[in-house]
Each structure stands twice: as C-alpha cells, then as structure tokens.
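Reading through the structure tokens given below for one structure.
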Amino acid sequence: MLEFDNVEVYYGKIQALRGISVRVEEGEIVALLGNNGAGKTTTLSAASAIVKTHSGRISFAGTDITRAKPWDVVGDGLIHVPEGRRIFSTLSVLENLQLGGYLVKDKAAVAKRLKDVFELLPLLAQRRSQQGGTLSGGEQQMLAIGRALIAGPKMLMLDEPSMGLAPLIVAQVMQVIKEVNANGTTVLLVEQNARAALKITSRGYVIENGLTTMTGTGPELLADSRIVEAYLGA
Numbered sequence: 006m007l008e009f010d011n012v013e014v015y016y017g018k019i020q021a022l023r024g025i026s027v028r029v030e031e032g033e034i035v036a037l038l039g040n041n042g043a044g045k046t047t048t049l050s051a052a053s054a055i056v057k058t059h060s061g062r063i064s065f066a067g068t069d070i071t072r073a074k075p076w077d078v079v080g081d082g083l084i085h086v087p088e089g090r091r092i093f094s095t096l097s098v099l100e101n102l103q104l105g106g107y108l109v110k111d112k113a114a115v116a117k118r119l120k121d122v123f124e125l126l127p128l129l130a131q132r133r134s135q136q137g138g139t140l141s142g143g144e145q146q147m148l149a150i151g152r153a154l155i156a157g158p159k160m161l162m163l164d165e166p167s168m169g170l171a172p173l174i175v176a177q178v179m180q181v182i183k184e185v186n187a188n189g190t191t192v193l194l195v196e197q198n199a200r201a202a203l204k205i206t207s208r209g210y211v212i213e214n215g216l217t218t219m220t221g222t223g224p225e226l227l228a229d230s231r232i233v234e235a236y237l238g239a
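Structure representation (structure tokens):
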C-alpha cells in the first residue's frame, strides 16, 4: 500500500535518509524503530511531502507520490499525525476534530466520522466544548488521532504517539491504534517505545543513520538479542 524504494533525503548538505526501503501492506500495522536522529520522522515527512525527496520513489495505493503536494497526499487518504500532537490549543475539542475534515466536501461523511470518533474515544465526546490546550498529554494525543480519523484515512502514519506519556496511558494509546487498525485503517507507527510498538505490529523495521538495517515480524524482533540490547534493555 505504501512503499519507499531507495529514498534519499537531504537537509541542506546533511543527508538524513541514505536509501530507505520500507513496505507497508494494506491492513498491517508496521513499526519504524530507531534512536533519535535515525531518520524515522524524516521518512514520514517524505511520504507526506513535507520534505522533498532527493532520489528514490515513494508510492501509495499504486500511485507515485514522490513529487506530490502535501494536500494531495492528504486527499489520497494518507494521513500523518505528527510528533508533539500539534493540536490547536485555543480551539475546542470539537473544533479541532472538525478541522480534520477540511478537505472533505461531504458534510454527512464528516458528521458520521465525528460520531464514530466519539464512540471510539468517548472522553472526547465528554469534553467536546473544552479547549484543546487544557487536556492532559494523553488526551491531546487521543484528540490528534481523532482529528486524523475525521479525514477518512486509508492509512495513518503516527509519529511517537507515546512520547511523554505514563505507561498506563501508553497502553491505552496502543489499544486505540489496534482498534483503528481493526476497523480497516492501515498504520505506519514510529516509536521509541519498541516493546509497546512491537506487541501490536505485524512487522517492524529498524532504521539506523538513515538506512533500514533490520526487519522482521513483531515477535521476531522482540526475541532478537540485538533489539533487546539496543532498545529494550539488556
């Protein structure tokens, strides 16, 4: 469904991606693992057309999106939930969610998706009139995911959704991701919490210095001594 074929990205003279090759099939949850600066966020940003690809090819649902515009990528159904949530702190929960449907012309579809989000995340329904900036970190992450769902994603890219959250809240976020996937949305998940990510993923990739260096199923990577030592604690 989403494929990176030998993708290279530069920031000025600094090469961030050195030939990334990643494949996500429809219906999967795939994790990208790696330390800070490895190139995980840049990989998602390249797919979203937020950063330009120097070379290589990115395709989504059979279409080459390497040179696409960000709004066209969103229109195609590839939705990015960025690191840090990026909600609108002075807008209400409801207004934040409604902004997720800004490209959707069918208002009935937006209303249906809003109903579905409130069923999936009932806390947001209870706080629909509350300003986004007054929510806790975990609640803001749920809001960011909910806003993305209003766009009607075929595939959801999530960048560090567990960052800064308590273990109990991390478990809740991962459960929501599993439910989103079970409802038919493919997921590409960037996570430093490798243990939490690999427990819910179909497959995973390890990125080091802008290159994919390892891949395997969730259980395979959880059992790999190199993953245990590098990301899970020896």
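FYI, in the working numbering the residues of the sequence shown are 6 to 239.
From the three backbone atoms N, C-alpha and C, an ideal C-beta is built for every residue, glycine too.
Bear in mind that the values here come from a model prediction, so they are computed numbers and not experimental data.
Here Asn186 is buried. Its C-beta has 16 or more other C-beta atoms within 10 Å. Comparing alpha-carbon positions, the option among Asp229, Gly223, Pro224 and Val195 lying closest to Asn40 turns out to be Val195.
Asp10 is bridged by DSSP to Arg62. CA-to-CA, the gap between Ala113 and Thr218 works out to about 45 Å. For Arg133, the secondary structure class from DSSP, reduced to helix, strand or coil, is coil. The closest CA to that of Leu140, considering only Val98, Glu184 and Ser167, is found on Val98. Of the candidates Ile174, Leu104, Ile182 and Gln146, the residue whose Cα lies closest to the Cα of Ala36 is Ile182. By the beta-carbon neighbour count (other beta carbons within 10 angstroms, threshold 16), Ser53 is buried. By the criterion of a C-beta distance shorter than 6 Å, Gly61 is surrounded in its chain by Asp10, Asn11, Val12 and Glu13, once the five residues flanking it on both sides are discounted. Put simply, of Ala201, Lys45, Val86 and Thr48 the residue whose alpha carbon is nearest the alpha carbon of Pro172 is Ala201. The Cβ neighbour count for His85, taken over all protein chains shown within 10 Å, is at least 16; the residue is labelled buried. Around the beta carbon of Pro158, a 10 Å sphere encloses 16 or more other beta carbons of the protein chains shown; the residue is thus reported as buried.
In the three-state scheme derived from DSSP, where H, G and I count as helix and E and B as strand, Leu193 is classed as strand. In the three-state DSSP reduction, Asp77 falls in the helix class (H, G or I).
The C-alpha of Ala130 is placed about 9 Å away from the C-alpha of Lys120.
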